[in-house]
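In terms of UniProt numbering, the sequence shown opens at residue 1 and continues consecutively.
Below is one structure, written out as structure tokens; the observations come after it.
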Amino acid sequence: MSDVSLDKSVDKRRTFAIISHPDAGKTTITEQLLLFGGIIRQAGTVKAKKSGNFAKSDWMEIEKKRGISVTSSVMQFDYAGKRINILDTPGHEDFSEDTYRTLMAVDSAVMVIDAAKGIEPQTKKLFKICKMRGIPIFTFMNKLDRDSRDPMELISQLEDVLGIEGYPMNWPIGSGKVLRGLYDRYNKRVELYRPEDKDNPYLPLDDDGNLTTDNEITEDSVYQDAKESMDLITEAGNPFDIDKIKRGDQTPVFFGSALVNFGVQTFLDAYLKFAPAPNVHETQDDEIVKPDDEEFSGFVFKIQANMNPRHRDRIAFVRVCSGKFSRGMDVTLERNQKSLRLSNVTEFMANTRENVQNAVAGDIIGLYDTGNFQIGDTIYTGKKNINFKKLPQFTPELFVKVSAKNVMKQKSFHKGINQLVQEGAVQLYTAYTTGDYILGAVGQLQFEVFQFRMQNEYNSEVVMETMGHKTARWINPDQLDEKMSSSRNILVKDVHDEPLFLFENAFAERWFKDKYPDVELTSKL
Ligand code: GDP
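Take a look at the structure:
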């Protein structure tokens, strides 16, 4: 049964992540969005936190005052009648499987690209996950205030490198020192770049795409070039296709500069028009859970361990998939059918008090956890069992050999490893020949968190021996011959006893494929 008021609240939610390569401008654009939401009054706040310019306690004070969540993993604000949840996808040295799993909890993604650099490796990795989920992806080509690449080249790179059609919603009129503005075919206007004069920067266009008023810009060759390109694209480019956008086969592309706040609001307004409201979720029994179903349900997509040794608590991040959350509600944890009362819960709330206790499908809540939850867990209310589809496994890229420092403490070592692996903190492999334990991760931070938590939560000091980057490829067990293994392709098995090779590099993989052309090698995501 669906509830009309719930339906309305759910419909207002827009839950997304920003994917980008480090330094493309994710933090800067997030900050601009928070400014539009009235959450922060001064640009530079999120940045200051990131660069550590604030002492931690100062930052907590600032967060409290401005009402930003303590962790900034989820930022929620209201804008233009919508409730927006931005989920952070940590990059740099914080890159981890959590970064990937966060993408399981969003309904769309915003891809920020440095227009001078084009598509960079981390963007490509994150894009792949979004593409696999088939969620809509919106592109913001950033840093127009600097000399940028040819916009035509940036659009074709989307197709060539990522395999997604680009549909330019607007087109830059120059870049860097000659940035004049945006030729905005979607809004039928030219948006002038006048940093010193922000009032009404818009000049309307007629149906043929010509300015309706006289303006000296028409004499400018930079403008003429942009208009020509836009005309060409309108004639010969991909037509706007909302169904393709919904499936993630076409991406609307916007240009601008987050730093000087140019084109960001234009982007946000159009984004909100086309970005989807909370989606349905499938269970392991292939049943569909709708966001406006009355019973509450959600899944844990991330567990953040508290790095402070005096507090052993953790926060489990839950994407609400259906219904409404209310403080103190009892839910069933599907994995063990235990009933739990959700009393100690953080909502990543914005600026107003009335919003509290108002989380519905689409929102993210943070549960203070003393060890009840694992990544991927489903919680729900009501009699009907709900178990959402498993979160995918990702292909690790970094590996370490791990052992207990004190051989007398094997018991706590095994207990710790088993729990942390189950929780999804790292991946565990066992070498076929030596029986060595090998951990795999997508980012170095995962190993550090693992080591820290083993010591702090399980009182087990571990020794880690770096193995570096490897290419993990699973092999069909029927084709496996242990003689295929060598020091350049180490044979291991995963926690499901499935065999895989860890290749030293791409060259070693190619060499293997040449030698054993019939052997099938596969990767996870
Ligand atoms: P992140 O690593 O993706 O979060 O990137 P940041 O937002 O921290 O930006 C990285 C650097 O690029 C910072 O020095 C920003 O000031 C700068 N930056 C971000 N957006 C722009 C932009 O639109 N123009 C220019 N010139 N610099 C920008």
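No residue lacks a Cβ here, since even glycine has one placed at the ideal position from N, Cα and C.
Residues of its chain near residue i, where Cβ-Cβ distance is below 7 Å and the 5 sequence neighbours each way are ignored
i	result
residue 231	209
residue 461	405, 406, 455
residue 102	17, 87, 89, 301, 302
residue 36	79, 265, 268
residue 82	12, 14, 272
residue 516	484
residue 218	211
Under the three-state DSSP convention, the category residue i falls into
i	result
residue 9	helix
residue 297	strand
residue 327	coil
residue 36	helix
residue 270	helix
residue 282	strand
residue 455	helix
residue 218	helix
residue 503	strand
residue 167	strand
residue 191	strand
residue 106	coil
residue 135	coil
residue 239	coil
residue 76	strand
residue 53	Unreliable positioning characterises residue 53 in this predicted model, as indicated by a pLDDT of 47, which lies under 50. A coordinate reading is not provided.
residue 377	coil
residue 234	helix
residue 81	coil
CA nearest to the CA of residue i, picked from the options
i	options	result
residue 238	226, 253, 436	253
residue 28	257, 427, 525	257
residue 452	426, 134, 33	426
residue 246	510, 516, 274	274
residue 342	334, 335, 330, 336	330
residue 116	124, 78, 151	151
residue 397	203, 377, 468, 118	468
residue 21	122, 82, 35	122
residue 129	142, 118, 110	110
residue 156	250, 512, 213	250
residue 382	339, 402, 345	339
residue 199	205, 206, 191	191
residue 280	100, 105, 473	105
residue 162	181, 184, 120	120
residue 118	159, 483, 380	159
residue 499	430, 30, 391, 505	430
residue 504	524, 473, 522	473
residue 337	372, 512, 221, 346	372
residue 518	289, 525, 510	510
residue 487	126, 433, 494	433
residue 98	448, 465, 288, 442	442
residue 182	207, 142, 214	142
residue 377	297, 113, 411, 132	297
residue 465	359, 447, 482, 458	447
residue 496	138, 513, 197, 393	393
residue 400	416, 408, 379, 428	428
residue 138	100, 439, 113, 513	113
residue 204	189, 370, 233	189
Own chain partners of residue i with C-beta closer than 6 Å, once the 5 adjacent residues on each side are dropped
i	result
residue 73	88
residue 520	476
residue 58	For residue 58, the pLDDT reaches just 42, beneath the cut-off of 50, and the residue's location in the model is therefore unreliable, although a value from the coordinates is still provided. So the list is empty, once near-sequence residues are dropped.
residue 490	502
residue 32	258, 261, 264
residue 413	404, 460
residue 8	none
residue 94	445
residue 395	472, 523, 524
residue 295	323, 381, 382
residue 493	430, 499
Same chain only: Cβ atoms within 8 Å of residue i, ignoring 5 sequence neighbours per side
i	result
residue 270	169, 186, 187, 252, 254
residue 277	10, 11, 12, 13, 14, 107, 291, 362
residue 374	300, 303, 335, 422, 423, 424
residue 328	341, 342, 343
residue 420	426, 450, 453, 454
residue 201	181, 191, 192, 193, 194
Any C-beta of chain E under 7 Å from that of residue i
i	result
residue 209	Absence of chain E from the displayed structure is noted, only one protein chain being present.
Check: residue i C-beta below 6 Å from any heavy atom of the ligand NAD
i	result
residue 20	Absence of the ligand NAD is noted for the structure shown, with the ligand GDP being the only ligands found.
Taking 8 Å as the cut-off, does the segment 364–383 touch the segment 313–328 (at least 3 CB pairs, one atom from each stretch)? Yes, the segment 313–328 touches the segment 364–383.
Whether or not the segment 374–391 and the segment 275–294 are in contact is what I'm after, with contact meaning three or more pairs of Cβ atoms, one per stretch, closer than 8 Å; do they touch? Enough Cβ pairs lie closer than 8 Å, so yes.
So, do the segment 236–250 and the segment 156–170 have three or more beta carbon pairs nearer to each other than 8 Å? Contact between the segment 236–250 and the segment 156–170 is present: 3 or more CB-CB pairs across the two stretches fall below 8 Å.
Answer yes if the segment 129–147 comes into contact with the segment 173–182, meaning at least three C-beta pairs across the two stretches below 8 Å, and no otherwise. In short, these stretches touch, since the Cβ pair count reaches three.
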